[in-house]
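J.: Sharing a structure here in structure tokens format.
2 protein chains.
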Amino acid sequence: MYAQLKLELEADDIDYKKSSNLQGILMENIDTEYAGILHGNQLNPYSQCLIRENGKNIWCIKTLTEEAYEQIIQPMSEVKSVVFKKSGRDVGVTKWQMDRCEERELLDEFYDTSCPKYLDIQFMSPTAFKQDGRYVIYPDLRLIYGSLMRKYSAVSGELDMIDEDLLNQLTDHSSITRYRLQTILFPMEKTNITGFVGNISIRVHGPETLARYVRLLLRFGEFSGVGIKTGMGMGAMRYNRREPK
Amino acid sequence: MYAQLKLELEADDIDYKKSSNLQGILMENIDTEYAGILHGNQLNPYSQCLIRENGKNIWCIKTLTEEAYEQIIQPMSEVKSVVFKKSGRDVGVTKWQMDRCEERELLDEFYDTSCPKYLDIQFMSPTAFKQDGRYVIYPDLRLIYGSLMRKYSAVSGELDMIDEDLLNQLTDHSSITRYRLQTILFPMEKTNITGFVGNISIRVHGPETLARYVRLLLRFGEFSGVGIKTGMGMGAMRYNRREPK
Chain A
1 MYAQLKLELE ADDIDYKKSS NLQGILMENI DTEYAGILHG NQLNPYSQCL IRENGKNIWC
61 IKTLTEEAYE QIIQPMSEVK SVVFKKSGRD VGVTKWQMDR CEERELLDEF YDTSCPKYLD
121 IQFMSPTAFK QDGRYVIYPD LRLIYGSLMR KYSAVSGELD MIDEDLLNQL TDHSSITRYR
181 LQTILFPMEK TNITGFVGNI SIRVHGPETL ARYVRLLLRF GEFSGVGIKT GMGMGAMRYN
241 RREPK
Chain B
1 MYAQLKLELE ADDIDYKKSS NLQGILMENI DTEYAGILHG NQLNPYSQCL IRENGKNIWC
61 IKTLTEEAYE QIIQPMSEVK SVVFKKSGRD VGVTKWQMDR CEERELLDEF YDTSCPKYLD
121 IQFMSPTAFK QDGRYVIYPD LRLIYGSLMR KYSAVSGELD MIDEDLLNQL TDHSSITRYR
181 LQTILFPMEK TNITGFVGNI SIRVHGPETL ARYVRLLLRF GEFSGVGIKT GMGMGAMRYN
241 RREPK
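Just so you know, the sequences run in chain order A and B. Under the UniProt record's numbering, read the first sequence as residues 1 to 245, first letter to last. Under the UniProt record's numbering, read the second sequence as residues 1 to 245, first letter to last.
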């Protein structure tokens, strides 16, 4: 089960730059031993970010496994306020909203529901990739698919493997046809990382199965995030469904 | 000599989408024989575009050789109004402004003036490249440098050759560190081409000579345009000088 908890924060003057502080707050609110396990993980079973929605600050906490749900979302859904350590500031939580999605749901959609050729993605928090030790600050489709496949296979328990042939197929058969993007700095404790935010449209040509697989990855990506430092608040994405014409 | 003629058009309701019509108007205003020669050229000694500056529509006509200056800029600087053929609409020209730049000026700057590590480019009209028969709609540095080197060498009379080693050096030693870009449609007679507009910052590392060479290409690019269909109004770029700190 994938899950998302949205906490509406009673504060107008904070923004995504506080995301890495929120990760600290999250860690303080969950079981210490489990926090230690997470700390050692290569691929996190959770992601979190702070987004602005209808003029409100929404802290989104997402989990990818039952265990992470119980260990993270459940305790966090009881939280009445978050305290920023440095400033001592106490910010109230005014709304809680939970969304769940079964793994099965995405697979059923893959098998049963036709898929448009054009798929829209919104990158909602600074997104970046790492390749050969270098940061990549634009939406390279191979890196997007690769990141999501790795996260997906890690969660499915099929180890941290990706199918190179499938990745090649996906990359060869898709292209970005439209975008509106900009770089933006993501502050961490000691440094800034550059990431990008904005929108892209992907066109998948060739067999429809490929488009369906991309859709599955993107829907999974809404919970996992994409690229680097999704636990700190980077890489939050949304798959924007197109209305059937 | 590189030259630019700016014509201020007395019309609020036209925009860059009229660029390819303006190319037609340009052709009608110059010597028929020379227009024929231009038509057969692979790499144009001119470029033109319609941009918006301080709320005014400015038609920029740029040339890269003495001959093109005499054959294009000179007659165009006498033009009092432009007539759009289809609609029959007659748009007055209210201002003329000429800028000139000697080849020597760019070379002197290359040899004598130090260059910052960061170079900013603005893509002012829809820009795109063609690679292996496919359109590329993002600012790939190799394609930017390659396009400008090709245009530069064609104008310098060194045939249409580019120095692959130098191109590799430039590409290996530069990266985009910041951008704000979006795709936009460029309408031609029968079809639309997607291009991008916006800003990028390039960081050139390694020997300063490389940065100086990039600067030379970018300054040349202000006259030549970059990428495909610069004669129709695509690929207009500006090198934004950073003020020394």
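Positions of the beta carbon are idealized from the N, C-alpha and C atoms, including for glycine. Since this is a predicted model, take the numbers as computed values, not measurements.
Please confirm whether R180(B) has its beta-carbon closer than 7 Å to some beta-carbon of chain A.
T.: Residue 180(B) sits at position 180 when you count from the first residue of the second sequence. Yes, its Cβ sits closer than 7 Å to a Cβ of chain A.
J.: Determine the chain A residues that contact residue 268(B) at a beta-carbon separation under 9 Å, and present them in chain order.
T.: With chain B covering only 1 through 245, there is no way to say anything about residue 268(B).
J.: For the region 93-111 of chain A against the region 37-51 of chain A, are there 3 or more C-beta pairs whose distance is under 8 Å?
T.: Not touching, per the Cβ criterion.
J.: Give me the residue from M234(B), Y2(B), M27(B), E222(B) with the minimum Cα distance to R241(B).
T.: Here residue 241(B) refers to the residue found at position 241 of the second sequence. With distances taken between Cα atoms, R241(B) lies closest to E222(B).
J.: Between which residues of its own chain and I72(A) is the CB-CB distance below 6 Å, once the five residues before and five after are set aside?
T.: As a working note, residue 72(A) is residue 72 in the first sequence. Only I30, Y46, T63 meet the Cβ criterion.
J.: Threshold first: 4 residues or longer. Then list the alpha helix (DSSP H) segments lying entirely within the region 16-71 of chain A, N to C.
T.: DSSP runs (the alpha helix (DSSP H)) wholly in the region 16-71 of chain A: 19-29, 32-40.
J.: In whole angstroms, what is the alpha-carbon distance linking T113(B) and K151(B)?
T.: Stepping through the second sequence from its first residue, residue 113(B) is reached at position 113. Stepping through the second sequence from its first residue, residue 151(B) is reached at position 151. C-alpha separation (whole angstroms): 23 Å.
J.: Considering only their Cβ atoms, is the gap separating I51(B) from K6(B) smaller than 7 Å?
T.: On the second sequence, position 6 is the one that residue 6(B) refers to. On the second sequence, position 51 is the one that residue 51(B) refers to. Cβ distance not < 7 Å, so K6(B) and I51(B) don't count as in contact.
J.: Going by DSSP, what residues sit across from Q182(A) in a beta bridge?
T.: One-based indexing of the first sequence puts residue 182(A) at position 182. Looking at the DSSP assignment, Q182(A) forms a beta bridge with V197(A), R180(B).
J.: Give me the Cα-Cα distance between S87(B) and R203(B), rounded to the nearest whole angstrom.
T.: Counting from 1 along the second sequence, the entry for residue 87(B) is found at position 87. Counting from 1 along the second sequence, the entry for residue 203(B) is found at position 203. Taking the straight line from one Cα to the other gives about 46 Å.
J.: What residues match up with R91(B) in a beta bridge as DSSP calls it?
T.: By 1-based counting over the second sequence, the position of residue 91(B) is 91. The question names Arg, but residue 91(B) is Val in the sequence shown. Beta-bridge pairing links V91(B) to V82(B).
J.: Sort out for me which residues DSSP pairs L210(A) with in a bridge.
T.: As a position in the first sequence, residue 210(A) is number 210, starting the count at 1. None; L210(A) has no bridge partner.
J.: Closest by CA to residue 275(A), which one among L9(A), K18(A), E70(A), L38(A)?
T.: In the structure as shown, chain A begins at 1 and stops at 245. Residue 275(A) is therefore absent and cannot be evaluated.
J.: By DSSP, does Y138(B) sit in helix, in strand, or in coil?
T.: Stepping through the second sequence from its first residue, residue 138(B) is reached at position 138. In the structure shown, Y138(B) sits in coil (DSSP, three-state: anything other than H, G, I, E or B).
J.: Given 8 Å as the limit, is there contact between the region 174-187 of chain B and the region 125-145 of chain B, that is, 3 or more CB pairs closer than that?
T.: Taking 8 Å as the limit for Cβ pairs, the verdict is that the region 125-145 of chain B does touch the region 174-187 of chain B.
J.: Can you tell me whether DSSP reads R215(B) as helix, strand or coil?
T.: In the second sequence, the residue the question calls residue 215(B) occupies position 215. Here R215(B) sits in helix by DSSP.
J.: Beta-carbon separation of residue 261(B) and V91(B) under 7 Å?
T.: It is not possible to answer for residue 261(B), since the shown part of chain B is limited to 1 through 245.
J.: Between the Cα of D180(B) and the Cα atoms of K80(B), G146(B), L210(B), I121(B), which residue gives the shortest distance?
T.: The residue you call residue 180(B) lines up with position 180 of the second sequence. Reading off the sequence, residue 180(B) comes out as Arg, not Asp. R180(B) has its Cα closest to that of I121(B), out of K80(B), G146(B), L210(B), I121(B).
J.: Taking the alpha carbon of E78(A) as the point to measure from, which residue in K56(A), R89(A), L26(A), T127(A) has its own alpha carbon closest?
T.: Counted from its first residue, the first sequence places residue 78(A) at position 78. Here the closest residue by C-alpha is L26(A).
J.: Mapping DSSP to helix, strand and coil, what is M1(A)?
T.: Taking the first sequence and counting its residues from 1, one reaches residue 1(A) at position 1. The answer is coil: DSSP assigns M1(A) none of H, G, I, E or B.
J.: Along the chain, where does the alpha helix (DSSP H) that runs through T171(B) open and close?
T.: Working through the second sequence from its first residue, we reach residue 171(B) at position 171. It spans 164-172 - the alpha helix (DSSP H) in which T171(B) sits, taken as one unbroken run.
J.: By the DSSP assignment, the alpha helix (DSSP H) with D112(A) in it spans what residues?
T.: To locate residue 112(A), count along the first sequence from 1; it is residue 112. Note, D112(A): alpha helix (DSSP H), 103-112.
J.: So, with DSSP's three-state summary, where would you put M234(B)?
T.: Start at 1 with the first residue of the second sequence, and residue 234(B) comes out as number 234. M234(B) falls in the coil class under three-state DSSP.
J.: By Cβ distance, which residues of its chain are closer than 8 Å to R215(A), with the 5 residues on each side in sequence left out?
T.: Here residue 215(A) is taken as the residue at index 215 of the first sequence, counted from 1. Here the set comprises E109, F110, C115, L119, Y239.
J.: Can you tell me the Cα-Cα spacing of M232(B) and F196(B), whole angstroms?
T.: Walking along the second sequence from the start, residue 232(B) turns up at place 232. Walking along the second sequence from the start, residue 196(B) turns up at place 196. Going by the C-alpha atoms only, they are around 15 Å apart.
J.: Just verifying my parser: in three-state terms, what is the DSSP assignment at R203(A)?
T.: Residue 203(A) sits at position 203 when you count from the first residue of the first sequence. Correct three-state label for R203(A): strand.
J.: Name the one or two DSSP bridge partners that Q97(B) has.
T.: To locate residue 97(B), count along the second sequence from 1; it is residue 97. Answer is K6(B).
J.: According to the neighbour-count rule (16 or more other Cβ atoms, all chains shown, within 10 Å of its Cβ), is G198(A) buried or exposed?
T.: By one-based count along the first sequence, residue 198(A) stands at place 198. It counts as buried.
J.: Take T209(A) as the anchor and find which of L166(A), Q182(A), G157(A) has the nearest alpha-carbon.
T.: As a working mapping, residue 209(A) is identified with position 209 in the first sequence. The shortest C-alpha separation from T209(A) is found at L166(A).
J.: Check whether the Cβ atoms of G40(A) and S147(A) lie closer than 7 Å to each other.
T.: Numbered from its first residue, the first sequence carries residue 40(A) at position 40. Numbered from its first residue, the first sequence carries residue 147(A) at position 147. No, the Cβ-Cβ distance between G40(A) and S147(A) is not below 7 Å.
J.: Among I14(B), D13(B), T230(B), which one has its Cα closest to the Cα of S125(B)?
T.: Numbered from 1 along the second sequence, position 125 holds the residue referred to as residue 125(B). Of I14(B), D13(B), T230(B), the residue nearest in Cα terms is T230(B).
J.: When burial is assigned at 16 or more other CB atoms within 10 Å of the CB, is R219(B) buried or exposed?
T.: To locate residue 219(B), count along the second sequence from 1; it is residue 219. Flag for R219(B) reads buried.
J.: Taking the beta strand (DSSP E) that D13(B) falls in, what are its first and last residues?
T.: Position 13 of the second sequence holds residue 13(B). Note, D13(B): premise wrong, no beta strand (DSSP E); not H, not E.
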